[in-house]
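In my numbering, the protein residues as written are 2 to 326. Glycine is no exception: its CB is placed at the ideal position from the N, C-alpha and C atoms.
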Ligand code: CP
Ligand code: NVA
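So this is what it looks like as structure tokens:
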């Protein structure tokens, strides 16, 4: 059974295959082919143990636009929230639906879930990884002419000259930083990560990224200096400093992240055609200034919209992979 839990479990060609599906689906969508039956008459269950705007809507609309439907299950409404085990929940839900997306806390909860599920499972965000977001992010890069693979250009893209990605992530070494590490190390591009001291990515995930980079040729650098990381970068990105579940750390984290706000002065040190990405939700004045997120280089709303097409690409890919078996 093929699942989509983290990019660490995907090969480069699988990631490119998902991107090709996403590009094809978006292209057809833009040509008014709104319903493409890759998930016809199927049902996606979406389990949310944390809040969501983009992930929930893009999966729900995405399942519909692939000819199927989706059920939203928040842990306030299902017995999982009252202590029913992950094992029993996985067995029961997967006996009734065709695919499951789950957003939860520790990644190990998803891995446990998968052991007992007999349908494909998608990670809609865990404390450690947010892989569906990265497909939308890379799709947005491709559309802006930034791609590791010059063959991977969206037919509806505006740019003609292709630039190799030089991605700079400034912020918390969390699920988004980890996911950028997996994407860069699998596809083979340059990634600089700047975090405050003590907020570096997890060591086991860094080790994995360095291991994958040996084969892919990715160049990965870590620093505690946003200025060093941003120089010549053509993709500049960040994430909230206070992830879901960390609300009680807000006061101390705001102090520790001083100097890490991406503002216009910092942006000037990157490539002058750099794009700014943010998975959202954004907190203006903290990880990014209002001027940057609302500025010309910001592609955050294209990126959010691309979640819809990326989600459909992932569901189409999983449908095809699991049919083959
Ligand atoms: N970026 C993202 O996953 O947004 P939501 O939390 O709104 O789903
Ligand atoms: N790091 C953030 C991402 C939100 C999409 C969180 O986990 O809350």
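Three-state secondary structure (DSSP) of residue i
i, result
"residue 23", "helix"
"residue 310", "helix"
"residue 71", "strand"
"residue 142", "helix"
"residue 47", "strand"
"residue 85", "coil"
"residue 201", "coil"
"residue 224", "strand"
"residue 193", "strand"
"residue 237", "strand"
"residue 30", "helix"
"residue 60", "helix"
"residue 40", "coil"
Given residue i as reference, the closest of the options once Cα atoms are compared
i, options, result
"residue 48", "303, 108, 275, 78", "78"
"residue 290", "38, 268, 235", "268"
"residue 64", "6, 26, 253", "26"
"residue 210", "231, 35, 227, 179", "179"
"residue 242", "258, 138, 84", "258"
"residue 265", "255, 277, 256, 254", "277"
"residue 57", "311, 296, 96, 148", "311"
"residue 164", "157, 176, 190, 183", "190"
"residue 122", "232, 197, 91, 18", "91"
"residue 135", "6, 275, 245", "6"
"residue 117", "55, 245, 4, 225", "4"
"residue 198", "33, 240, 172, 2", "172"
"residue 72", "97, 227, 271, 39", "97"
"residue 2", "120, 248, 80, 298", "120"
"residue 196", "213, 225, 144", "225"
"residue 35", "69, 154, 181, 55", "69"
"residue 46", "155, 307, 84, 93", "93"
"residue 59", "182, 309, 322, 324", "309"
"residue 55", "324, 322, 302, 321", "302"
"residue 246", "50, 255, 324", "50"
"residue 22", "313, 62, 167", "313"
"residue 107", "324, 296, 244, 321", "244"
"residue 254", "200, 182, 298, 205", "200"
"residue 323", "39, 28, 24, 29", "39"
"residue 281", "52, 15, 33", "52"
"residue 160", "143, 296, 89, 33", "143"
"residue 217", "33, 150, 283", "150"
"residue 273", "296, 284, 285", "296"
"residue 62", "84, 37, 80", "37"
Whether residue i touches residue j by CB criterion (8 Å)
i, j, result
"residue 238", "residue 287", "no"
"residue 187", "residue 41", "no"
"residue 263", "residue 236", "no"
"residue 1", "residue 44", "The chain is shown only over 2 to 326; residue 1 falls outside these bounds and no answer can be derived."
"residue 193", "residue 219", "no"
"residue 67", "residue 316", "yes"
"residue 86", "residue 111", "no"
"residue 202", "residue 174", "yes"
"residue 275", "residue 234", "yes"
"residue 130", "residue 176", "yes"
"residue 95", "residue 101", "yes"
"residue 31", "residue 157", "yes"
"residue 103", "residue 76", "no"
"residue 105", "residue 300", "no"
"residue 184", "residue 8", "yes"
"residue 307", "residue 137", "yes"
"residue 349", "residue 232", "This structure cannot settle anything about residue 349, because the visible part of the chain is limited to 2 through 326."
"residue 227", "residue 271", "no"
"residue 240", "residue 212", "no"
"residue 182", "residue 207", "yes"
Closer than 7 Å: residue i CB and nearest the ligand NAP heavy atom
i, result
"residue 55", "The ligand NAP is not among the ligands present in this structure, which contains only the ligand CP and the ligand NVA."
In the region 101–182, which residue ranges form an unbroken alpha helix (DSSP H) of at least 4 residues, counting only runs that do not cross its ends? 108–117, 132–144
Give the list of continuous beta strand (DSSP E) stretches no shorter than 3 residues that lie fully inside the region 243–300. 276–279
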